[in-house]
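What follows is one structure encoded as structure tokens, with my remarks underneath.
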Amino acid sequence: MSKKQNLPGCDEIDSGVLRVDQARDNILSALSPVNGVEQVAVRSALGRILAQDVLATIDVPSHTNSAMDGYAILAADIPTGGSKKLNVVATVMAGAPIKQTIAVGECARIMTGGKMPAGTDTVIMQEHVKRVGDGIEITGGHKPQQNVRQAGEDLANGERVFGPGKKLSPADIGMLASMGIAEVRVRRRVRVAFFSTGDELCSVGQTLDDGQIYDSNRYTLYGMLKNLGVDFIDMGIIPDQREPLEKAFFTAAAEADVLITSGGVSVGEADFVKETLNKIGQVGFWKIAMKPGKPLAFGNIEGCQFFGLPGNPVSAMVTFYQFVQPALRHLMGEKNTAPLLLQLKTDVSLKKRPGRLEYQRGIMANNANGELVVRPTGAQGSGILSSMGEANCFIVLPLECSKVDAGQTVTVQPFAGLI
Ligand code: AMP
Ligand code: MG
54 MSKKQNLPGC DEIDSGVLRV DQARDNILSA LSPVNGVEQV AVRSALGRIL AQDVLATIDV
114 PSHTNSAMDG YAILAADIPT GGSKKLNVVA TVMAGAPIKQ TIAVGECARI MTGGKMPAGT
174 DTVIMQEHVK RVGDGIEITG GHKPQQNVRQ AGEDLANGER VFGPGKKLSP ADIGMLASMG
234 IAEVRVRRRV RVAFFSTGDE LCSVGQTLDD GQIYDSNRYT LYGMLKNLGV DFIDMGIIPD
294 QREPLEKAFF TAAAEADVLI TSGGVSVGEA DFVKETLNKI GQVGFWKIAM KPGKPLAFGN
354 IEGCQFFGLP GNPVSAMVTF YQFVQPALRH LMGEKNTAPL LLQLKTDVSL KKRPGRLEYQ
414 RGIMANNANG ELVVRPTGAQ GSGILSSMGE ANCFIVLPLE CSKVDAGQTV TVQPFAGLI
């Protein structure tokens, strides 16, 4: 029998129940990143996790150049009052070498990206000069060194640009290319197998029998795994019978780093999932103080990390995002995975029972004043998958909270960056 304890401001919470942060810590501390590194072309490195230090191999930009179409001059030629005439003695196109030195009283016509000629340090935009004969006339008010990009101002030769654990974004692969780097070493992809359990499940393309439902979890899981950039093996629906279940668990353990299943982990479940797992692996069946998604199984089957998600479609997604996704990112070798949380005002009052941390599905949007505010989607039941579809964030309501008035601030976890 589990003991009950009272937390301040809470309903009684069962001492056999884990808090979300405890469950997440337990999971993360049981996992280490996969070994294995591969060398890939820069484009293929997009979304992958870097497995090396990247030091700048050159200055970027490699030469001091003009940020504008205009005239390269020496700052000393900017008049303090009135105007001054400078002779145009050279033209510099982007990409062209320039050997000529520009003297005081002279200037060079220069295009954006053109290398600053020796003797110049300032660019006057072409719109700010008057052409007079073979020269230009400039007035005062220009800033010395304006409109010039210094060599190495983006990346300095030898500087550490990225380290291991960085997930490479479009900007990052652009930066690699800007240094002329064609290939990098990244961690190998994590292999994830998944299947659904439950005798009520029917696959798309088949006709529903009385009492059956379509298996949607395999599709949400497919989407969440695909967006994460792992390799996956969809093992379909496994019937709730000893032999097929045991066989599926062993196949997954042999072929994948991680197995994710949905269904069959709730209390009082009349199925063979728990029985089989207890026989062949080390798996804990947890009750987590969260809503939706109370049950979660976590453990190991012959070295394969196992996550058993609840069957309810919203619970499966919420537990995936709160536990499995951080775990997979950790296994992938990614660093800095803490989610970005916002503090936003709620447009309406929110109801909740104390004792469980709630992930209500929310819609954040700008109100008439341009302020970003949040409101929940409609029905919040754990089977209402449309609540996830309509939402663009989770409204995270703490364990002990019982209600939030309209206009109060709540913690929001945006989906952008999460999915
Ligand atoms: P369980 O966690 O197995 O007790 O399932 C809880 C609820 O989720 C039940 O109503 C199931 O029918 C439903 N469910 C289980 N697996 C799936 C699935 N793959 N797709 C859609 N609903 C599911
Ligand atoms: Mg079931």
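Under the working numbering, the first residue of the sequence shown carries the number 54, and numbering increases by one thereafter. The beta-carbon is built from N, C-alpha and C at its ideal position, and this holds for glycine as well. Note that this is a predicted model, so its numbers are computed, not measured.
Give me the DSSP bridge partner(s) of residue i.
i: residue 140; result: 159, 188
i: residue 118; result: 168, 202
i: residue 398; result: 426, 462
i: residue 353; result: 335, 358
i: residue 419; result: 425
i: residue 108; result: 213
i: residue 446; result: 415, 467
i: residue 311; result: 245, 358
i: residue 220; result: 102
i: residue 178; result: 123
i: residue 286; result: 246
i: residue 71; result: 341
i: residue 267; result: 255
Count the other CB atoms, across all protein chains shown, that sit within 10 Å of the CB of residue i; report buried if there are 16 or more and exposed otherwise.
i: residue 424; result: exposed
i: residue 224; result: exposed
i: residue 78; result: exposed
i: residue 146; result: exposed
i: residue 386; result: buried
i: residue 435; result: buried
i: residue 332; result: exposed
i: residue 227; result: exposed
i: residue 293; result: buried
i: residue 187; result: exposed
i: residue 59; result: Low per-residue confidence applies at residue 59: pLDDT is 41, beneath 50, and the placement is therefore not dependable, though the value from the model is reported in the following sentence. The residue is exposed, with fewer than 16 neighbouring Cβ atoms inside 10 Å.
i: residue 185; result: exposed
i: residue 363; result: buried
i: residue 71; result: buried
i: residue 170; result: buried
i: residue 57; result: The pLDDT assigned to residue 57 is 41, lower than 50, so where the model puts this residue is not dependable, and the model offers no usable value.
Out of curiosity, what's the CA-to-CA distance linking residue i and residue j?
i: residue 441; j: residue 384; result: 26 Å
i: residue 328; j: residue 334; result: 10 Å
i: residue 253; j: residue 373; result: 22 Å
i: residue 152; j: residue 469; result: 50 Å
i: residue 299; j: residue 244; result: 20 Å
i: residue 349; j: residue 355; result: 19 Å
i: residue 219; j: residue 303; result: 33 Å
i: residue 155; j: residue 210; result: 27 Å
i: residue 377; j: residue 102; result: 17 Å
i: residue 282; j: residue 431; result: 31 Å
i: residue 104; j: residue 389; result: 14 Å
i: residue 241; j: residue 87; result: 8 Å
i: residue 460; j: residue 433; result: 20 Å
i: residue 149; j: residue 163; result: 11 Å
i: residue 361; j: residue 280; result: 20 Å
i: residue 238; j: residue 380; result: 22 Å
i: residue 337; j: residue 312; result: 15 Å
i: residue 391; j: residue 82; result: 15 Å
i: residue 365; j: residue 357; result: 24 Å
i: residue 471; j: residue 222; result: 14 Å
i: residue 308; j: residue 419; result: 47 Å
i: residue 178; j: residue 197; result: 13 Å
Spatial neighbours of residue i within its chain, please: C-beta separation below 8 Å, excluding the five flanking residues on both sides.
i: residue 457; result: 399, 402, 403, 405, 450, 463
i: residue 64; result: Because the pLDDT at residue 64 is just 41, under 50, the model does not fix this residue reliably, and the value given afterwards should be weighed accordingly. If we look at residue 64 and ignore the five residues flanking it on each side, its Cβ neighbours are 406, 407, 408.
i: residue 51; result: Residue 51 lies beyond the residue range present for the chain, which begins at 54 and ends at 472; the question has no answer from this structure.
i: residue 61; result: In this predicted model, residue 61 has a pLDDT of only 39, less than 50, meaning its place in the structure is not dependable; the value taken from the coordinates is given anyway. 453, listed in sequence order.
Between which residues of its own chain and residue i is the CB-CB distance below 6 Å, once the five residues before and five after are set aside?
i: residue 120; result: 200, 202
i: residue 205; result: 112
i: residue 107; result: 214, 215
i: residue 285; result: 245, 278
i: residue 343; result: 73, 409, 410
i: residue 229; result: 95
i: residue 326; result: 250, 317
i: residue 368; result: 345, 346, 435
i: residue 116; result: 168, 204
Leaving out five residues on either side along the sequence, give the residues of the same chain with a beta carbon under 7 Å from the beta carbon of residue i.
i: residue 232; result: 109, 110, 111, 113, 208
i: residue 165; result: 119, 120, 121, 122, 147
i: residue 428; result: 399, 400, 401, 415, 416
i: residue 480; result: With the chain running from 54 to 472 in the structure shown, residue 480 is simply not present.
Beta carbon of residue i: closer than 6 Å to some heavy atom of the ligand GDP?
i: residue 264; result: No copy of the ligand GDP occurs in the structure displayed; its ligands are the ligand AMP and the ligand MG alone.
Exercise for review: Mind the definition here: the stretch 258-265 touches the stretch 273-288 only if three or more C-beta pairs lie below 8 Å; say whether that holds.
Suggested key: no
Check your understanding: Is the number of C-beta pairs between the stretch 184-194 and the stretch 211-220 that are closer than 8 Å three or more?
Key -> no
Exercise for review: Pair every Cβ in the stretch 405-422 with every Cβ in the stretch 444-456, then say whether three or more of these pairs are closer than 8 Å.
Suggested key: Verdict: yes, contact present.
Practice item. Would you be able to state if there are at least three C-beta pairs under 8 Å between the stretch 133-146 and the stretch 90-107? Key: no
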